[in-house]
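> Chains as they are written, first to last, in this note's numbering: chain F, 1 to 232; chain X, 1 to 244.
Here it is: the structure, laid out below.
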């Protein structure tokens, strides 16, 4: 069992390093996804057209922009695997699926976290949000825990039907309903952290608890289901 | 193949006739025999469709999950479980749609609005979307066993996802009327015949579900067979071409 755990650790480290290196050399996150999420934030301002409302709903907009951008990152993450049959090769080589799952999830989490920090900065500037020191701590806790859940669930649904035609258009339909609890929990927690609409920062912690439950459940299920899911 | 194939057998024909009779009786008792509600008037008749529809939908999605679990755990990987799961989900989606439509019509008459963002309505909408996604996964293509495995995993993920969504939406908002009959503390306010009509609705809709399910499963088997034959024929044609 310990030797299996060591293999899992080695494989996941190799996969996360590979994914981040691909990102580092292609700069898709930096050159395409980040500008895309910036456009979303600006479009929200056009649509709502009221500074008071923008400030009030900023937490929801930050998380919506995160989820939309996440769709693009997940597609990209699995396009890389299926383009040259890389996933098939990994499978044929008998690579530990749990390692692949953890590795891909971690790489996704790192990218999402970078994106969320950027979106937070945009919200501070464009939507005139002013959290307290406690609010910042709560925001970072929310981001960290929400991202863990999103990473697991994104990898799980991204892997479902990897390689099948038409899965690009299907992913939003499958993934967005699944991450609804994150949108609800993270938005409420961030509202408390930002003090939007007079919310107290203490109101946020139970929502962070919900996010933790989500992350735990999808982490456990992903670990079980990812192997059978990618086997052909 | 020249013989005409049908998905009916003597048993399903009998079931079909019984179902049709039951539904006709439901229509009569729902629209004519049963009295108006003291408060809601005739809008209460909507309940005789609304409640049985959502019951069938829960039954159908439960069966989808069960059949998917059997498919995954059974070593023989029999496709019949996959087809039952798929057929059941299709019917479930149809009946959730019926219950959403009847529910919002009732809401318009009673609450004055088609939709409220209450917990149960919102999670039912999510239920609907999730299983539309499941049906889309079934149509991704690939071999039958690929379809079966993907959709079985999707169905089992949905079982996990729905309580989470329901729980979080519940935290988010609650306004829906409490279940009036299932609640042990509430006095049953329904008059005897109304209650009978409601239960008759549950029975006849369950029969309808069984009848639709058997036929749809058989139709799926035929569709799969047609696809197989098409493939065989194509292979045969290529072989003849190569041999020429």
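Idealized CB from N, CA, C, for every residue including glycine.
Treat the numbers as computed from the prediction; the structure is a model and nothing was measured.
Three or more C-beta pairs closer than 8 Å, one from the segment 89-105 of chain F and one from the segment 7-18 of chain F: is that the case here?
As far as the Cβ criterion goes, the segment 89-105 of chain F touches the segment 7-18 of chain F, which means the pair count is three or higher.
> So with CB distances below 8 Å, who are the chain F contacts of residue 137 (chain X)?
As a position in the second chain, residue 137 (chain X) is number 137, starting the count at 1. The answer, in chain order, is 160, 161, 170 and 174.
> Residue 19 (chain X) and residue 168 (chain X) - do their beta-carbons sit closer together than 9 Å?
Within the second chain, residue 168 (chain X) is the residue found at index 168, counting from 1. Within the second chain, residue 19 (chain X) is the residue found at index 19, counting from 1. No, these two residues do not count as a Cβ contact at 9 Å.
> With DSSP collapsed to three states, give me the class of residue 37 (chain X).
Looking up residue 37 (chain X) in the second chain gives position 37. In the structure shown, residue 37 (chain X) sits in a strand (DSSP, three-state: E or B).
> With contact counted as at least three CB pairs below 8 Å, one residue from each stretch, are the segment 213-232 of chain X and the segment 83-100 of chain X in contact?
Verdict: yes, contact present.
> With 9 Å as the threshold, decide whether the Cβ of residue 161 (chain X) is near any Cβ in chain F.
On the second chain, position 161 is the one that residue 161 (chain X) refers to. True, the Cβ-Cβ gap to chain F drops below 9 Å.
> State the DSSP-derived secondary structure class of residue 19 (chain X), mapped to helix, strand or coil.
By 1-based counting over the second chain, the position of residue 19 (chain X) is 19. Three-state result, residue 19 (chain X): helix.
> With a threshold of 9 Å between beta carbons, is residue 138 (chain F) in contact with chain X?
Position 138 of the first chain, counted from the first residue, corresponds to residue 138 (chain F). No - not a single Cβ of chain X is within 9 Å of the one on residue 138 (chain F).
> Go ahead and label residue 230 (chain F) buried or exposed: buried means 16 or more other beta carbons lie within 10 angstroms of its beta carbon, across all protein chains shown.
The residue labelled residue 230 (chain F) in the question sits at position 230 within the first chain. Burial call: buried.
> Among the candidates X:143, X:127, X:131 and X:73, whose CA atom is the shortest distance from the CA of residue 170 (chain F)?
Here residue 170 (chain F) refers to the residue found at position 170 of the first chain. Taking only the C-alpha atoms, the option nearest residue 170 (chain F) is X:131.
> When you compare only the Cα positions, how much space is there between residue 117 (chain F) and residue 171 (chain X)?
As a first step, residue 117 (chain F) is located in the first chain; it is residue number 117 there, counting from the start. As a first step, residue 171 (chain X) is located in the second chain; it is residue number 171 there, counting from the start. One C-alpha to the other measures close to 27 Å.
> With burial defined as no fewer than 16 other Cβ atoms inside 10 Å of the residue's Cβ, what is the status of residue 29 (chain X): buried or exposed?
Within the second chain, the letter at position 29 stands for residue 29 (chain X). Looking at its Cβ environment, which holds 16 or more other Cβ atoms inside 10 Å, residue 29 (chain X) is buried.
> Residue 96 (chain X) and residue 57 (chain X): beta carbons closer than 9 Å?
Here residue 96 (chain X) refers to the residue found at position 96 of the second chain. Here residue 57 (chain X) refers to the residue found at position 57 of the second chain. Cβ distance < 9 Å, so residue 96 (chain X) and residue 57 (chain X) count as in contact.
> Which stretch, first to last residue, makes up the alpha helix (DSSP H) that contains residue 200 (chain F)?
As a working mapping, residue 200 (chain F) is identified with position 200 in the first chain. From DSSP, residue 200 (chain F) is part of no alpha helix (DSSP H); its letter is neither H nor E.
> If distances are taken between C-alpha atoms only, which option among X:26, X:160, X:15 and X:12 comes closest to residue 199 (chain X)?
The residue labelled residue 199 (chain X) in the question sits at position 199 within the second chain. Ranking X:26, X:160, X:15 and X:12 by Cα distance to residue 199 (chain X) puts X:26 first.
> Specify the secondary structure class of residue 76 (chain X) as computed by DSSP and reduced to three states.
Start at 1 with the first residue of the second chain, and residue 76 (chain X) comes out as number 76. Three-state DSSP puts residue 76 (chain X) in coil, outside helix and strand.
> Examine the Cβ distances between the segment 121-136 of chain F and the segment 190-209 of chain F and report whether three or more of them are shorter than 8 Å.
Counting Cβ pairs under 8 Å, three or more are found: they touch.
> Under 9 Å between C-beta atoms, does residue 190 (chain F) make it to chain X?
By one-based count along the first chain, residue 190 (chain F) stands at place 190. Not closer than 9 Å to any Cβ of chain X, the Cβ of residue 190 (chain F) fails to qualify, so no.
> Once the 5 residues before and after residue 202 (chain X) are set aside, which same chain residues still bring their CB inside 8 Å of it?
Residue mapping note: residue 202 (chain X) aligns to position 202 of the second chain, counting from 1. Answer for residue 202 (chain X): 51, 52 and 55, listed in chain order.
> Could you tell me which uninterrupted alpha helix (DSSP H) segments, each at least 4 residues in length, are contained entirely in the segment 94-147 of chain F, listed from first to last along the chain?
Runs found: 97-126.
> At which residues does the alpha helix (DSSP H) containing residue 56 (chain F) begin and terminate?
Within the first chain, the letter at position 56 stands for residue 56 (chain F). Residue 56 (chain F) -> alpha helix (DSSP H) spans 51-83.
> Would DSSP call residue 192 (chain X) helix, strand or coil?
Counted from its first residue, the second chain places residue 192 (chain X) at position 192. Three-state result, residue 192 (chain X): helix.
> Measuring CA to CA, which of F:143, F:80, F:24 and F:128 is closest to residue 54 (chain F)?
The sequence position of residue 54 (chain F) within the first chain is 54, counting from 1. Comparing Cα positions, the closest option is F:128.
> Does the contact criterion of 3 or more C-beta pairs under 8 Å hold for the segment 215-231 of chain F versus the segment 142-161 of chain F?
Yes: at least three Cβ pairs fall under 8 Å.
> Out of F:77, F:10 and F:207, which has the shortest C-alpha to C-alpha gap to residue 98 (chain F)?
Within the first chain, the letter at position 98 stands for residue 98 (chain F). Looking at the Cα atoms, F:10 is the closest of the given residues.
> Anything in the segment 202-213 of chain F with a Cβ closer than 7 Å to a Cβ of chain X? List those residues in chain order, please.
Those would be 210, in chain order.
> In terms of alpha-carbon separation, which member of X:49, X:64 and X:91 lies closest to residue 102 (chain X)?
Residue 102 (chain X) sits at position 102 when you count from the first residue of the second chain. Nearest option by C-alpha distance: X:49.
> Specify the secondary structure class of residue 184 (chain X) as computed by DSSP and reduced to three states.
Taking the second chain and counting its residues from 1, the one referred to as residue 184 (chain X) is at position 184. The predicted position of residue 184 (chain X) is uncertain, since its pLDDT is 49 and thus under 50; a value taken from the coordinates is nonetheless stated next. Coil at residue 184 (chain X), not helix or strand.
> What residues in its chain sit with their C-beta under 7 Å from that of residue 92 (chain X), if we drop five residues either side in the sequence?
Within the second chain, the letter at position 92 stands for residue 92 (chain X). Here the set comprises 57, 60, 61, 64 and 131.
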